[in-house]
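Before any comments, here is the structure.
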Amino acid sequence: MIKSDSASTTRHSQTINKSVSSHLNSARRPLIAHSIPGISPWLIPLGYFIGRYIILPSFFRQIKITGLENIPKSGPVILAPTHRSRWDSLVLPYAAGRHLTGRDMRFMVTIDECQGLQGWFILRMGGFPVNTQRPAIATLRHTIELMQQGEMLVIYPEGDIHRDGQVHLLKPGIARLALNAESKYPGLGIKVIPVSIQYSESYPHWGADVNIRIDEPIKVTDYLNGNFKLEAKRLTADLTHQLKQLSQESGVRRNIEPENSSPASPPSPCYTSTTSRVQSNYQFPVIKFAHIQGSVVNNL
Numbered sequence: 001m002i003k004s005d006s007a008s009t010t011r012h013s014q015t016i017n018k019s020v021s022s023h024l025n026s027a028r029r030p031l032i033a034h035s036i037p038g039i040s041p042w043l044i045p046l047g048y049f050i051g052r053y054i055i056l057p058s059f060f061r062q063i064k065i066t067g068l069e070n071i072p073k074s075g076p077v078i079l080a081p082t083h084r085s086r087w088d089s090l091v092l093p094y095a096a097g098r099h100l101t102g103r104d105m106r107f108m109v110t111i112d113e114c115q116g117l118q119g120w121f122i123l124r125m126g127g128f129p130v131n132t133q134r135p136a137i138a139t140l141r142h143t144i145e146l147m148q149q150g151e152m153l154v155i156y157p158e159g160d161i162h163r164d165g166q167v168h169l170l171k172p173g174i175a176r177l178a179l180n181a182e183s184k185y186p187g188l189g190i191k192v193i194p195v196s197i198q199y200s201e202s203y204p205h206w207g208a209d210v211n212i213r214i215d216e217p218i219k220v221t222d223y224l225n226g227n228f229k230l231e232a233k234r235l236t237a238d239l240t241h242q243l244k245q246l247s248q249e250s251g252v253r254r255n256i257e258p259e260n261s262s263p264a265s266p267p268s269p270c271y272t273s274t275t276s277r278v279q280s281n282y283q284f285p286v287i288k289f290a291h292i293q294g295s296v297v298n299n300l
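Okay, here's the thing in structure tokens:
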């Protein structure tokens, strides 16, 4: 009888230890990403239509697009645009969305913005959340899955908005994420495409001009031959160089020129959309689009 009680006590103690261990391990794990609902088949075309034919034509005088031919019709793509205004998230689909490339964009968005009605709208328009302070492994794996599916992602490498027209220090996350995905799943053929967005005003107002320049793709496979960290730095440096060149060649005359800026070169031949000048009272919601730090990517 005593032996039976002792065995029962031992089993009970082991059960408690397993439970405690499970809770501790759960606490150590990164924050799990919110479940990502399916994209709405009707909301995306409606959103594109409203943005392209109502909001943007009512606000901007002219939108110039150069280099559209540099976006592949298929295969995994990461658009890496400069971040100049909250308008970027509407201007990008206008410049390279489904009506011109046949492709939708999947924006990486900060998790705080994916709450409430705004979050419902963003997620069903193809956005997906990431906690920039503690990126969940699940979110980064989802990002790689999107690339495996041949999607076109949008990640702002500068992170925050910079209104001085200069290219600021890029975060290493894009390079490390792309290299990690390409090395783990050979043959994906991921391309990182630099995109420069320049407005004629630091704070775009009604009647402002926009110039979007899309550069030639950077092939991630060209950076798989050496040390991972060094190649990630090299990819980031090349992306920085191309973004700076695009920004200098934008051809947009800004009312407030940044200090020590070089004269803009004449713009290349481009697709130009001259929008109607009907004043709009539309106020674009403040949405923070995400960048990712590089350290967590290595844990995938």
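Be aware that the sequence shown starts at 1, since it is given in the UniProt record's numbering, and climbs by one per residue.
Ideal Cβ placement from N, Cα and C applies to all residues, glycine included.
Span separating the alpha-carbon of residue i from that of residue j
i, j, result
"G116", "N225", "45 Å"
"A232", "K244", "18 Å"
"T132", "G173", "11 Å"
"L90", "S40", "18 Å"
"Q148", "P76", "7 Å"
"V192", "H205", "30 Å"
"F49", "H99", "9 Å"
"G67", "K229", "30 Å"
"A95", "I65", "6 Å"
"L123", "L46", "15 Å"
"Y203", "Q62", "16 Å"
"S200", "E249", "14 Å"
"V220", "R103", "20 Å"
"E257", "G207", "Only weak support is given to the placement of E257: the predicted model assigns it a pLDDT of 46, under 50, and the value that follows is read from those uncertain coordinates. Each residue's alpha carbon lies about 18 Å from the other."
First through last residue of the beta strand (DSSP E) which encompasses residue i
i, result
"Y199", "191-199"
"F107", "105-110"
"K64", "62-66"
"N180", "From DSSP, N180 is part of no beta strand (DSSP E) but of the alpha helix (DSSP H) over 173-184."
"R213", "209-214"
Local Cβ density within 10 Å of residue i, reported as buried at 16 or more and exposed below that
i, result
"T15", "Low confidence applies here, because T15 scores a pLDDT of 49, under 50, leaving its location unreliable and the question unanswered by this model."
"residue 360", "The requested residue 360 does not occur in the structure, where the chain is confined to residues 1 to 300."
"D160", "exposed"
"P57", "buried"
"I54", "exposed"
"G119", "buried"
"G187", "exposed"
"L140", "buried"
"S74", "exposed"
"H241", "exposed"
"E216", "exposed"
"E158", "buried"
Start-to-end residues for the alpha helix (DSSP H) that takes in residue i
i, result
"R98", "98-101"
"M147", "137-148"
"L153", "Careful: L153 lies outside any alpha helix (DSSP H), inside the beta strand (DSSP E) at 152-154."
"R234", "228-248"
"I50", "43-50"
For residue i, the three-state DSSP class (helix, strand or coil)
i, result
"T221", "helix"
"A80", "strand"
"R124", "helix"
"V167", "coil"
"P204", "coil"
"P57", "helix"
"P93", "helix"
- [ ] Say whether the segment 104-114 touches the segment 233-242, bearing in mind that this needs 3 or more beta-carbon pairs closer than 8 Å, one atom from each stretch.
- [x] Taking 8 Å as the limit for Cβ pairs, the verdict is that the segment 233-242 does not touch the segment 104-114.
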